[in-house]
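Scroll down for the structure; my scribbles are underneath it.
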Amino acid sequence: MTGQLDYHSIWQGPLYEGVDETTFHTEAPGADLFCRCWRPAAEAVAAVQLVHGMAEHSGRYRHVASVLASRGWVVYAHDHRGHGHTAVNRNRLGLLAEKGGWRHAVDDVHRINEHIGGEHPELPVALVGHSMGSFLAQHYAIEHGERLAALVLSGSDNRSDLSALVGSFLAGTIARLRGPGHRSGLLRHMTTGAFRRQIDDADSQAAWLSRDRAVVRAFEDDPLTGFEPSAAMWRDILRGVHFIGRTSNRSHVPPALPVLLMVGGADPLSDGGRRVRLLAEAYRKAGLRDVSVREYPLARHEVFNEINRTEVLADLVDWLASRLSSGEESGA
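So for the sequence shown, the numbering used here puts the first residue at 394; every next one is plus one.
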């Protein structure tokens, strides 16, 4: 059943005139995926699939979807397992699955992509992923890149497959000894805690996300954001990062697939954008012919929620418009 979602008031805001917002559910093995759709006033000319990051939900991209839909693109997004309204209850927040969580998460992205293809078989589809969602998007492009007309990665990374393997082993050991749902202070210290420590004037655990204090307060006040990821979730994410970091896997991305990397120059996750520049070079070495980088000096991790988000969204729209205008998929 579709219907209007009663958003947490923090993320409410006016949509562009004519943009219609609905929600629906899609069944998946072991999960009931909560999905959102934003339709333009006129007939859609392209489709965009948004993939959100860790410890947040797709509702935080309402302003992004509104801008994209106002340009004539139909936009879809879902809440991952262990996130948002897909989480069975508060105890499920932060746990993709006890086993095989990353595989499930990638398959969920594919399930939504197939739904889009079924609803709009004639439209080119762009995949836009942020942070953990960008890792899922990288993985998806390796396995199903021929289904995409464009790929956008925000707040991404290019960890070596070895470092990710070591991290996944540590998280997996903690999950095995303490249980998959265990929240580890050590893992927090090594990840989000380390990101916060790189912000000189941090007055909040979430200060590394954005310079916009209203965004940070909203993140802290929203009951569906900022939760502590489980050891199993860290294990699964790092296994995914290990997979996408392997050169042999990246070589399966179609060389004609256009890729846009968007990053803040003060994003701790990407080492101030350095790792994203390395990712761009890795894609070029893999044979991709259209790889662009947009770096925003002083911006932190969430460029779509930064104080210069109007500039960021304008860049996103312009780039997508230039790559989706042909209405053809990238192919192999």
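Beta carbons are placed, not taken as given, at the ideal position from N, Cα and C, and that holds for glycine.
| said: Going by DSSP in three states, Trp495 sits in which element: helix, strand or coil? | reply: helix
| query | Which residues does DSSP pair with Gly522 in a beta bridge? | reply | Val444 and Leu546
| task | Please classify Tyr746: does DSSP put it in a helix, a strand, or coil? | result | Residue 746 falls outside the range modelled here, since the chain spans only 394 to 725, and no answer is possible.
| query | Can you tell me the Cα-Cα spacing of Gly406 and Met626, whole angstroms? | reply | 31 Å
| field | Neighbour-count burial assignment, Gly680, 16 or more Cβ in a 10 Å radius | value | exposed
| query | Can you find at least 3 beta carbon pairs, one from the region 596 to 611 and one from the region 683 to 696, that sit closer than 8 Å? | reply | yes
| request: Compare the Cα-Cα distances from Ala530 to each of His513, Trp495 and Gly477 and report the closest residue. | output: Trp495
| query | Just the Cα atoms here: how many angstroms apart are Ser556 and Leu672? | reply | 15 Å
| task | With a cut-off of 8 Å on the beta carbons, I'd call Arg677 and Asp708 a contact; round off their distance for me. | result | Contact doesn't hold; Cβ gap of about 20 Å is too wide.
| query | Would Gly638 be called buried (16 or more neighbouring beta carbons within 10 Å of its own) or exposed? | reply | buried
| query | By DSSP, does Phe620 sit in helix, in strand, or in coil? | reply | coil
| task | Write down every uninterrupted run of the beta strand (DSSP E) in the region 443 to 475 whose length is 3 residues or greater and which is fully enclosed by it, in chain order. | result | 466 to 471
| task | Quick one: grab the DSSP three-state call for Val609. | result | helix
| Best match in Ala649, Asn698 and Thr703 for proximity to Arg453 [C-alpha to C-alpha] | Asn698
| request: Could you say which of Arg670, Leu443, His473 and Val438 lies nearest to Val521 if we only look at CA atoms? | output: Leu443
| query | Which residue's Cα is closest to the Cα of Arg540: Pro514, Ala434, Ser527 and Gly548? | reply | Pro514
| Between the C-alpha atoms of Ala595 and Ser718, what's the straight-line distance to the nearest angstrom? | 42 Å
| query | Whole-angstrom Cβ separation of Ser372 and Gly538, contact assumed at under 8 Å? | reply | This structure cannot settle anything about residue 372, because the visible part of the chain is limited to 394 through 725.
| Among residues of its own chain, excluding the 5 on either side of Ala714, which ones have a beta-carbon nearer than 8 Å to its beta-carbon? | Arg464
| query | Is the beta carbon of Arg643 less than 8 Å from the beta carbon of Ile535? | reply | yes
| query | Do Ile505 and Tyr469 have their C-beta atoms within less than 8 Å of each other? | reply | yes
| query | Under 8 Å between the Cβ atoms of Val502 and Trp466? | reply | no
| For Pro573, does the count of other Cβ atoms within 10 angstroms reach 16, so buried, or fall short, so exposed? | buried
| Limits of the beta strand (DSSP E) - the one that Trp431 falls within | Ala424 to Arg432
| field | Among Leu617, Leu580, Asp629 and Pro690, the one whose alpha carbon lies nearest that of Glu449 | value | Leu617
| Ordered along the chain, which non-local residues of its own chain (more than five positions away) have a Cβ less than 7 Å from that of Arg670? | Val686
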